[in-house]
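Shown next, in structure tokens, is the structure this report addresses.
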Amino acid sequence: EEIVPVQAIADDEGPRPDTSLEALAKLKPAFAENGSVTAGNASPLNDGATALVLMSDTKAKQRGLKPLARLVSAAPAGVHPDYMGIGPVP
């Protein structure tokens with residue numbers, strides 16, 4: 075019951091129905107002249123995307139909702155995006 079469907083999202087934005095093998099073969103490498111990563115095979119910006127509804131305990135009580143979790147602490151972390159494949163990992 076922790077993961078629930080959101081009706082505002084109707085379609086996966088990743089797949090492009092107009093893509094063909096011929097079009098993918100024409101794409102130039104994105105990072106290195108002889109590289110293999112292109113706009114056609116790289117992860118989209120929405121890859122692994124998720125959403126969270128966060129509210130105060132007071133607001134949850136006002137709405138008659140029982141909290142599923144409590145946020146105790148948070149901190150940002152990461153490395154320079156040039157470290158391909160590890161950018162979001164601290």
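Residue numbering for the sequence shown follows this note's numbering, starting at 75 and increasing by one per position. Think of the CB as a built atom: it goes at the ideal place given N, C-alpha and C, for glycine as much as any other residue. Small disclaimer: the values here were computed from a predicted structure and weren't measured.
So the alpha helix (DSSP H) residue i belongs to, where does it begin and stop?
| i | result |
| --- | --- |
| Asp131 | Asp131 to Gln136 |
| Ala97 | Leu95 to Ala99 |
Going straight from the alpha carbon of residue i to that of residue j, what length do you get?
| i | j | result |
| --- | --- | --- |
| Gly88 | Pro118 | 6 Å |
| Gly114 | Met129 | 38 Å |
| Thr112 | Ala104 | 5 Å |
| Val153 | Gly109 | 22 Å |
| Gln136 | Ala148 | 25 Å |
| Val146 | Arg90 | 40 Å |
| Leu98 | Ala116 | 11 Å |
| Tyr157 | Ala106 | 13 Å |
| Arg144 | Leu101 | 46 Å |
| Lys140 | Gln81 | 21 Å |
| Gly138 | Ala84 | 28 Å |
Would you please verify whether the beta carbon of residue i is less than 7 Å from any beta carbon of chain D?
| i | result |
| --- | --- |
| Pro141 | Reference to chain D is not applicable here, since this structure consists of a single protein chain. |
> Between the stretch 86-104 and the stretch 124-135, do at least 3 Cβ pairs fall closer than 8 Å?
Replying inline: no
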